[in-house]
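Protein chains in written order, with my numbering: chain C, 9 to 335; chain W, -3 to 268.
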């Protein structure tokens, strides 16, 4: 879903979380009311969201785990009573010929996307941080790919990359390169979805790195300039080291949110042709919903492996975030 | 000299922005292109002579999808505010024991891949018989925005001056009254921010719509486009016209509410 849109969410998240977790505001209530009554009121306000979290997050997660550990058929999916089968669904996945390619595609998709998004985003941030006429407006326009619904971006890219009538092939043609079957050739499908995903992810990296750059005091540059450092040296010796904390946050959030990208791939290629752009996310969906006879168990098992990968990076992110707050 | 330099930068900036937004331009261009020109090689770089046929098709075929998306969007906004605002108030002002843990759970909740949520919802909705219904879709879409909403409200409401709440208490207002008559009115900016993003995410949602409402009678615009791509591969001007229409909320958000977007975006991530 809105991974790009969601990118916005994590933006505010850490700060909001930090504010809530580490710096309880000096609330006036505490002093005058009895603690028990005040706790009751506090949790009364939290009750809706707590129940909501239990019903709509915890329970779906439990269902997903349960699905992966039982032998579900369509019948037992509706009526229950599926027999417990331990890790059989996971073994099915591991021995599935799709497993290795899907894992590989997931890793390539994630690493290549993030590498390009980050480098381009950082370069743009360095460019935009030097204020010039229209810089604020142009920077705002760079947010557009991020705010568009993914179905819009994905279908636009699909048409641009169309083999016969796409503008990309036409442009290649005009410089003497023969047409590429972007979405229909197995060796290009993954490249195509990566290109679209890089485009969507650049704004997120630009915004985060830009705010990181803004936090660097201009005095430091002045000092570096006085010491005779040129622009290139200033970037590598001054800017880049100071950006390290922001970089870590950006890359880890990028990992968490790129690992689970589903919409773009599904809309552009459905993981095809012949599984050439299948990742864990699309494979899991394919197993559970893509076939006439759904394989809910193996599908949930793939999804759970994905969640473990995601949460590993998620927890690394939280650790770094906490360290930064402490220092 | 320096004057010339900044104009040079503006020039480079314009070129870069043009490159970045080329796909958006192309979408608009194709949406105005006549069907007979659409497979021309090389393609028309400008929609001249253009046509409004694509948009006519949108009006006739996609109106209902758009209406459904609007309903789902507003439903999601309402549900999100209802859940997130009181929680933000409590976390920011009432010091609940275990509040830190709850905030942490909310952060993790945001990281759960959508397909896992979709799978869980599918199983639950099937049993509750709310598969392919709009209330079901609204509940699912709200999971995109509720954790974000709580965090925005917490951050914002922490900043409300104590005097304001003290004054309310001296006037005899209880928690509920303080929340409703004092905190909510001054939190207008955060309400707008959360509402905008909740609407945009619900409007853009594809995975929940496709999984939980694929067979419903009322389908959102994202599925309208998706089915369009699947069915009539020839009518790309109509598909792109629908895409342009589907981009309107995002565009409005950027133009009308840019400072609220900025509020949502710069609230954080980067600790300085």
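Beta carbons are placed, not taken as given, at the ideal position from N, Cα and C, and that holds for glycine.
Cβ-Cβ distances below 6 Å link residue 201 of chain W to 137 in the same chain, with the five nearest sequence neighbours on each side left out; the list follows chain order. Under the three-state reduction of DSSP output, residue 29 of chain W falls in the strand class. Here residue 267 of chain C is buried. Its C-beta has 16 or more other C-beta atoms within 10 Å. Cβ atoms of residue 67 of chain W and residue 238 of chain W stay farther apart than 8 Å, at about 18 Å.
Relative to residue 195 of chain W, the option among W:93, W:87, W:111, W:145 whose CA is nearest is W:145. Note: residue 46 of chain W is bridge-paired with W:29 in the DSSP secondary-structure output. Across the segment 187 to 202 of chain W, CB contacts with chain C closer than 8 Å involve 193, 196, 197, 199, 200, 201, 202, in sequence order along the chain. Assigned with DSSP and collapsed to three states, residue 92 of chain C falls in strand. Taking 3 residues as the shortest admissible run, the segment 170 to 252 of chain W contains no complete beta strand (DSSP E) segment at all. In the DSSP assignment, residue 126 of chain C falls within the unbroken alpha helix (DSSP H) covering 107 to 137. The three-state reading of DSSP puts residue 91 of chain W in coil, since its state is none of H, G, I, E or B. A distance below 6 Å between beta-carbons, with the five flanking residues on each side excluded, links residue 140 of chain W to the following residues of its chain, in chain order: 197. Around the beta-carbon of residue 39 of chain W, 16 or more other beta-carbon atoms lie within 10 Å, marking it buried. Residue 51 of chain W has its alpha-carbon roughly 39 Å from the corresponding atom of residue 4 of chain W. In the three-state reduction of the DSSP assignment, residue 327 of chain C falls in the helix class, which pools H, G and I. When DSSP states are grouped into helix, strand and coil, residue 278 of chain C belongs to the coil group.
Rounded to the nearest angstrom, the gap between the Cα atoms of residue 124 of chain C and residue 61 of chain C is 35 Å. With its beta carbon less than 7 Å from one in chain C, residue 85 of chain W belongs to the interface.
Counted as a single uninterrupted DSSP element, the stretch harbouring residue 237 of chain C is not any alpha helix (DSSP H), since DSSP gives it neither H nor E. By the neighbour-count definition (other C-beta atoms within 10 Å, threshold 16), residue 225 of chain C is an exposed residue.
The segment 304 to 324 of chain C makes contact with the segment 92 to 110 of chain C: 3 or more CB pairs, one atom from each, lie closer than 8 Å.
By the Cβ neighbour-count rule, residue 60 of chain W is exposed, with fewer than 16 other Cβ atoms within 10 Å of its own.
The C-beta of residue 156 of chain C comes closer than 7 Å to at least one C-beta of chain W. Residue 225 of chain W counts as buried, since no fewer than 16 other beta carbons sit within 10 angstroms of its beta carbon. The beta carbon of residue 182 of chain W sits closer than 8 Å to those of 156, 160, all from its chain and outside the five residues before and after it, given in chain order.
Taking C-alpha positions only, residue 211 of chain C is separated from residue 49 of chain W by approximately 33 Å. Residue 35 of chain W carries a coil assignment under DSSP once its states are collapsed to helix, strand and coil.
With contact defined as three or more Cβ pairs closer than 8 Å, the segment 160 to 169 of chain W and the segment 116 to 134 of chain W are not in contact. If you check the CB distance, residue 148 of chain W and residue 189 of chain W come in under 7 Å. Rounded to whole angstroms, residue 148 of chain C and residue 270 of chain C show a C-alpha spacing of 26 Å.
Excluding residues up to 5 positions away in sequence, 232, 237 lie with their Cβ nearer than 8 Å to the Cβ of residue 245 of chain C in the same chain. At least one C-beta of chain W is nearer than 7 Å to the C-beta of residue 47 of chain C. With respect to residue 273 of chain C, residue 247 of chain C sits apart: the two C-beta atoms are not nearer than 7 Å. Listed in chain order, the non-local C-beta contacts of residue 258 of chain C below 7 Å within the same chain comprise 126, 213, 216, 217, local neighbours out to five positions each way being set aside. Annotation for residue 211 of chain W: 128 place their beta carbon closer than 6 Å to its own, counting only its chain and skipping 5 residues before and after. With respect to chain C, the C-beta atom of residue 171 of chain W has a partner C-beta closer than 7 Å.
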